[in-house]
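The numbering used here runs 30 ahead of the 1-based position in the sequence shown. Think of the CB as a built atom: it goes at the ideal place given N, C-alpha and C, for glycine as much as any other residue.
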Amino acid sequence: MNELHLSLNIDGLPLFKSSKVTLWPVLGRIINLEPEIVFPIAITCGSSKPQCLEFLKETVDELKILMQNGLLIGDKAYSIILSCIVCDAPAKSMVKAIKNHTGYSSCDRCVIRGRSVHRRMTLADCTTLPLRTASSFRAQTDPEHHRGYSPFCDLQVDMVNYMHCVCLGVMRRLLLRWIRGEKSTTKHVPLKRPSLSAHQVQIIGERLLALKTHLPKIFARKPRSLVEVDRWKATEFRVSKHVTEQLAEFAHKLLTSFVKKSSELYGELFPVYNVHMLLHLSKDAITFGGLDKCSAFRFENYMQQILKNVRSGKNLLSQVVRRHKESVSMPIVNDQQSVKKFTSERPNNSYILENGHCCEILEVLDDSIAPNLKCQVFTSKYPLFQSPCTSNLIGAYTTSLTVAIIKRIPSSYIASTAILLELANGKIVFLGIAHEFFY
Ligand SMILES: [Zn+2]
Numbered sequence: 031m032n033e034l035h036l037s038l039n040i041d042g043l044p045l046f047k048s049s050k051v052t053l054w055p056v057l058g059r060i061i062n063l064e065p066e067i068v069f070p071i072a073i074t075c076g077s078s079k080p081q082c083l084e085f086l087k088e089t090v091d092e093l094k095i096l097m098q099n100g101l102l103i104g105d106k107a108y109s110i111i112l113s114c115i116v117c118d119a120p121a122k123s124m125v126k127a128i129k130n131h132t133g134y135s136s137c138d139r140c141v142i143r144g145r146s147v148h149r150r151m152t153l154a155d156c157t158t159l160p161l162r163t164a165s166s167f168r169a170q171t172d173p174e175h176h177r178g179y180s181p182f183c184d185l186q187v188d189m190v191n192y193m194h195c196v197c198l199g200v201m202r203r204l205l206l207r208w209i210r211g212e213k214s215t216t217k218h219v220p221l222k223r224p225s226l227s228a229h230q231v232q233i234i235g236e237r238l239l240a241l242k243t244h245l246p247k248i249f250a251r252k253p254r255s256l257v258e259v260d261r262w263k264a265t266e267f268r269v270s271k272h273v274t275e276q277l278a279e280f281a282h283k284l285l286t287s288f289v290k291k292s293s294e295l296y297g298e299l300f301p302v303y304n305v306h307m308l309l310h311l312s313k314d315a316i317t318f319g320g321l322d323k324c325s326a327f328r329f330e331n332y333m334q335q336i337l338k339n340v341r342s343g344k345n346l347l348s349q350v351v352r353r354h355k356e357s358v359s360m361p362i363v364n365d366q367q368s369v370k371k372f373t374s375e376r377p378n379n380s381y382i383l384e385n386g387h388c389c390e391i392l393e394v395l396d397d398s399i400a401p402n403l404k405c406q407v408f409t410s411k412y413p414l415f416q417s418p419c420t421s422n423l424i425g426a427y428t429t430s431l432t433v434a435i436i437k438r439i440p441s442s443y444i445a446s447t448a449i450l451l452e453l454a455n456g457k458i459v460f461l462g463i464a465h466e467f468f469y
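Listed below in structure tokens is the structure:
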């Protein structure tokens, strides 16, 4: 590996409920190096949102030098590639000096122009619109899109955020719309009743809770009832497998169909900025090798650590820097990605093997780093569903004990973790998991 692919995160971190004091950390992570570790690059503190982009200047200047000259670590030289900057919509508007997400020309990917409906900005057009390019951005060819000059103009980089746009944006809004409906905002917009009855909400909530004991420990948060939806975190809305290159084209068709039909299903106020950004999601998955690589989950995790480490309102920046120095002087304890510990206990013993077979570990045969395993291997499997696509595409299968054989296999044959569910009819369901879940 001679390249280091850097992802940056720029976001505000309010420190106290009683004051407006906010930290603005610039965080980094190398996305092609395991384990991925988040590190601070610069931190600014103030009682309001930064009024100008001066606080980013040193970071951008250093980045330009690194990208031009590379980085020497020991006697090995690395090229630095700035892959993406992860920002929510307000931070992106600030950092890129573009119109915010409620403006007419707010999309930084394409030249869509919004339509104001009952004082809400909607972006319902699903035709293929011309994309913005680095040169059109630098030349500010669309004056409606820009608010000023951004120090990031000179760096060709995408600004993305799957976590805020999809998990906390569209998924949360849909779920609330299904269980609570939508209040009437003006006399022109009638009240929208919930799509689900109270009884259906209760049944879904009970089923979510029943899943709790079947989820392996890599799920940082176990499912909660829909009654607690206001307290759900981003990762709880993140129920789908991430979109890989093979799935991206199909996912794009489904997402386009969803955005097209969303006005009809949920009203003309529904297709706002976050909904429109779904049309650009599959391209991000291809560009970055999966949405996990361009999401804010790991950065949010680090921000929460910063928050825990601030003990008083005095000398905030020195407190943060001191805690950071203490943490880097301690040996790094790698997370679950570095050393996989195998067990024969449910729900942490189910996997998909490299040949595609599902298996359950019955016994770990030795205590080496890569042990041999006695497994129940299910030699046949069938799609869990066929519509709108075969569930094989997202690693969801059914099988049964009748096709199971006991085998000794090396742990290196294991491809991914899975969830095993036993259905009442004797069928067994395997759901392959493609990524780790973080707070
Ligand atoms: Zn767009």
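Where the alpha helix (DSSP H) containing residue i begins and where it ends
i: Ala119; result: Ala119 to Lys126
i: Trp208; result: Arg202 to Arg210
i: Gly462; result: Unbroken run through Gly462 is the beta strand (DSSP E), Ile458 to Gly462; no alpha helix (DSSP H).
i: Tyr134; result: It is not in any alpha helix (DSSP H) - Tyr134 carries neither H nor E in the DSSP assignment.
i: Tyr303; result: Tyr303 to Met307
i: Leu93; result: Lys87 to Asn99
i: Thr317; result: Leu311 to Phe318
i: Ala116; result: Reading off the sequence, residue 116 comes out as Val, not Ala. Val116 -> not in any alpha helix (DSSP H); beta strand (DSSP E) instead, spanning Lys106 to Val116.
i: Glu236; result: Ala228 to Leu241
i: Leu383; result: First-last for Leu383: Ser380 to Leu383, but that is the beta strand (DSSP E), not the alpha helix (DSSP H).
i: Ser146; result: Unbroken run through Ser146 is the beta strand (DSSP E), Arg145 to Val147; no alpha helix (DSSP H).
i: Ala164; result: Ala164 to Arg168
i: Lys338; result: Phe327 to Asn339
Residue i and residue j closer than 9 Å at C-beta
i: Pro401; j: Val394; result: yes
i: Ile449; j: Cys405; result: no
i: Pro301; j: Ala119; result: no
i: His176; j: Lys247; result: no
i: Met333; j: Leu83; result: no
i: Ile73; j: Leu96; result: no
i: Leu476; j: Leu36; result: The structure shown does not extend to residue 476, since the chain spans only 31 to 469, so no value can be given for it.
i: Ser225; j: Gly211; result: yes
i: Cys114; j: Phe318; result: yes
i: Val305; j: Val147; result: no
Segment limits, beta strand (DSSP E) that includes residue i
i: Val404; result: This sequence places Lys at residue 404; Val is not what is there. Its beta strand (DSSP E) spans residues Asn402 to Phe408.
i: Arg59; result: Thr52 to Ile60
i: Leu36; result: Glu33 to Ile40
i: Phe182; result: It is not in any beta strand (DSSP E) - Phe182 carries neither H nor E in the DSSP assignment.
i: Glu258; result: Where Glu258 is concerned, there is no enclosing beta strand (DSSP E), given that its DSSP letter is neither H nor E.
i: Val68; result: Val68 to Gly76
i: Met151; result: Arg150 to Thr152
i: Glu452; result: Ile444 to Glu452
i: Glu390; result: Cys388 to Val394
i: Arg473; result: Examination of residue 473 is not possible in this model, given that the chain is present from 31 through 469 alone.
C-alpha distance - residue i paired with residue j, whole-angstrom precision
i: Leu321; j: His194; result: 12 Å
i: Thr89; j: Val340; result: 24 Å
i: Cys12; j: Thr286; result: Because the chain here runs from 31 to 469, residue 12 falls outside it and cannot be looked at.
i: Asn378; j: Val196; result: 28 Å
i: Asp41; j: Asn62; result: 22 Å
i: Val459; j: Leu383; result: 15 Å
i: Ile67; j: Arg59; result: 6 Å
i: Ser293; j: Gln81; result: 37 Å
i: Leu431; j: Ala250; result: 30 Å
i: Tyr412; j: Thr428; result: 5 Å
i: Gln367; j: Thr447; result: Below a pLDDT of 50, predicted positions are generally treated as unreliable, and Gln367, at 45, falls in that range; the measurement from the model is reported next regardless. Straight-line Cα distance between these residues: approximately 12 Å.
i: Val51; j: Ile444; result: 48 Å
i: Phe329; j: Asn39; result: 7 Å
i: Ile424; j: Gly462; result: 8 Å
i: Phe415; j: Asn455; result: 16 Å
i: Val289; j: Leu277; result: 18 Å
i: Lys271; j: Asn345; result: Here the model assigns Lys271 a pLDDT of 46, short of 50, so the residue's position is not dependable, and the following value carries that caveat. Distance between the alpha carbons of Lys271 and Asn345: 43 Å.
i: Ala281; j: Gln349; result: 45 Å
i: Ser78; j: Leu45; result: 12 Å
i: Arg149; j: His131; result: 13 Å
i: Ser325; j: Cys137; result: 18 Å
i: Asp397; j: Ala107; result: 38 Å
i: Met307; j: Ile110; result: 28 Å
i: Cys75; j: Pro55; result: 8 Å
i: Asn364; j: Glu64; result: Bear in mind that a pLDDT of 44 at Asn364, under 50, signals an unreliable position, so the number given afterwards is only what the model happens to contain. Spanning the two alpha carbons is a distance of roughly 10 Å.
i: Glu92; j: Leu34; result: 15 Å
i: Tyr134; j: Glu174; result: 8 Å
i: Leu43; j: Ala164; result: 29 Å
i: Lys457; j: Cys419; result: 21 Å
i: Gly386; j: Glu298; result: 44 Å
Distance cut-off 8 Å: residue i Cβ against heavy atoms of ligand 3
i: Ile95; result: This structure simply doesn't include ligand 3; it includes ligand 1 instead.
Would you be able to state if there are at least three C-beta pairs under 8 Å between the stretch 307-314 and the stretch 169-185? The stretch 169-185, when compared against the stretch 307-314, does not touch it at the 8 Å Cβ threshold.
Three or more C-beta pairs below 8 Å linking the stretch 339-355 and the stretch 233-249: Touching, no.
Between the stretch 158-178 and the stretch 129-142, do at least 3 Cβ pairs fall closer than 8 Å? The stretch 158-178 vs the stretch 129-142: in contact.
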